[in-house]
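Residue numbers (the working numbering): 358 to 750. Ideal Cβ placement from N, Cα and C applies to all residues, glycine included. One structure is given below, encoded as structure tokens.
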Amino acid sequence: MGLHFRHPTFDIDIRRCNNLCPFCFVLQMAPRMRRTLYIKDDDYRYSFLFGHYVTLTNLSEHDWWRIKAQHLSPLYVSVHATDLAKRRECLRNPNAPDVLVQLRELAALNFEVHTQMVITPGLNDGPALEQSIRDLAALYPTVASISVVPVGLTRYHKYGHLVSTPQQAVDVLETVEHWQAHFRATLGLGLVYCTDEYYLVTGRPVPPLEQYDGLNLHENGLGMVRAFQDEWAEVQQAELPGLRSQVQRATLVTGKLAEPVIRQAAGELAAQTGLALEVLAVENRKLGETITAAGLLMGEDVLLALQALPDPGQLIVLPRVMFDHPEGVSLDDVSPLAIAKALNRPVALADWMGDVLDALVGQNKLTFLPDQAQLIRPDDIALDGGWAVEKYL
């Protein structure tokens, strides 16, 4: 009918989380940020609609009736550990229900469930991880995937946990690869997958596309690097020959985590075109040096880093995901246009190398000019998903 609703649910009160996970990013948020960054959402409706992971710990009998009656499948569930005592420790919720019982109920109704575990060294790695993988695999095909995610801790973390060392990351990766091989032999697919960060931290190559078994879990950090590399390979063949860049020098901004990937692609682009391309990996001063994802970069940190360059070039390319917010701003409320005006240079947003090439030839639709008003709608910047409560409040 062409109708577009401002809120995807008729009651706009998003369900709040009743857990106190020590690795919860909301509980580690920097002070004096916008209020919506402090709302802990855990809403099964957004799990079904947008693929957000939920714990299933705050459901009433009516919620369960609705999930089953409307067959809200697939769902995305944060498990963290299948052992009840261990999971309650992970959630810091002594009343958390048994997730295996819940998943078995869904299995009886032919639901599809994608699961994740945020691995915190000393909490749910080692034998606990092995047990969780075994327990979840026993529920295949209801459990359609198991994503293994490394913990992210900001400078405001309060509970004494540590991020994985390179060796701990190797241990997790090898555990997952062992089980992947077993599941490919017995089930015909990998079932359990490490997110990209494990490969980047350990310096190991990301798997080829077919190893992801057709899953589209980029929002959870799974397979994004492989998709980026494959897209760049296609772009080199299809678009690079005959490229007529409008600039000779540009700076590509990213986070510390993706720096090797972006630097390799930019180096190949520069070698084939003769362009001078600077890759600037910005440290997250606001949240701390252990927060390395491009999507969590602060606009102020990016601007200061760019201003410190002797010559940032004629064009700045920023990661679009930095501004994945209804108002098209970064976590600290800085817009791409504000950065363009401060630097007096065009600023383009990109997800892929194809977007970078479009910016070089003047065809990137998300390019902000310093001498123009805001002509790009925030809706064109933000995509579905992202920080759930900020998209729909």
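- Task: Kindly indicate which three-state DSSP category L700 falls into: helix, strand or coil?
- Result: helix
- Specify the secondary structure class of F362 as computed by DSSP and reduced to three states. Low per-residue confidence applies at F362: pLDDT is 49, beneath 50, and the placement is therefore not dependable, though the value from the model is reported in the following sentence. DSSP places F362 in coil when its eight states are reduced to three.
- Are the beta-carbon atoms belonging to L726 and P703 less than 7 Å from one another? yes
- Are T552 and L579 closer than 7 Å when you measure CB to CB? yes
- Please report the residue range of the beta strand (DSSP E) in which I503 lies. Start and end: V500 to P507.
- Query: In this structure, what does DSSP give as the bridge partners for Q586?
  - Reply: Per DSSP, none; premise fails for Q586.
- What is the DSSP secondary structure of E640, counted as helix, strand or coil? coil
- Query: Count the other CB atoms within 10 Å of the CB of G631; is the residue buried (16 or more) or exposed (fewer)?
  - Reply: exposed
- Item | Selection from G612, P669, H682 and E635 that minimises the alpha carbon distance to I648 | Among G612, P669, H682 and E635, the Cα nearest to that of I648 is on G612.
- Message: Does T522 pass the burial test, meaning 16 or more other C-beta atoms within 10 Å, or should it be called exposed?
- Response: exposed
- Distance CB(L609)-CB(I619) smaller than 7 Å: yes
- Task: Rounded to whole angstroms, what's the CA-CA distance from L448 to Y516? Just pull it up for me.
- Result: 13 Å
- What do you get for G624, buried or exposed, if any count of 16 or more other CB atoms within 10 angstroms of its CB means buried? The residue is exposed, with fewer than 16 neighbouring Cβ atoms inside 10 Å.
- Query: Taking the alpha helix (DSSP H) that A538 falls in, what are its first and last residues?
  - Reply: P523 to T543
- Message: Can you check which of these residues, P598, Q593, L496 and I396, is closest to L548 by C-alpha distance?
- Response: L496
- Using 7 Å as the limit for Cβ to Cβ distance, is H409 near chain D? This model lacks chain D altogether, as it is built from one protein chain only.
- Report, in whole angstroms, the separation of the C-beta atoms of M679 and G652, which I expect to be a contact under 8 Å. 6 Å
- Message: For V508, which residues in the same chain have their Cβ closer than 8 Å to its Cβ, ignoring the five residues on either side in sequence?
- Response: Scanning its chain for C-beta atoms nearer than 8 Å, with the 5 sequence neighbours on each side dropped, one finds around V508 the residues F380, V475, I476, T477, P478, H518, V520 and S521, in chain order.
- Query: Whose C-beta lies closer than 8 Å to the C-beta of V458 among residues of the same chain, with five residues either side of it excluded?
  - Reply: none
- For D398, the residue or residues it bridges with in DSSP: The beta-bridge partner set that DSSP reports for D398 consists of R373.
- Message: Check whether the region 565-577 and the region 526-535 are in contact - that is, three or more C-beta pairs closer than 8 Å.
- Response: Cβ pair count under 8 Å is below three, so no.
- Task: May I ask whether a heavy atom of the ligand ZN can be found less than 6 Å away from the beta carbon of P478?
- Result: Absent from the structure shown: the ligand ZN. Ligands present: none.
- Hey, is the region 666-683 in contact with the region 704-716, meaning 3+ C-beta pairs nearer than 8 Å? yes
- Under the three-state DSSP convention, the category M655 falls into: Correct three-state label for M655: coil.
- Task: Just tell me which of Q664, P562 and D420 has its CA closest to the CA of Q621.
- Result: P562
- Please say whether Q603 and G719 have beta carbons closer to each other than 7 Å? yes
- Query: Taking the Cβ atom as the reference point for each residue, do D455 and L466 lie within a distance shorter than 7 Å?
  - Reply: no
- Item | Beta-carbon spacing of Y395, S435 below 7 Å | no
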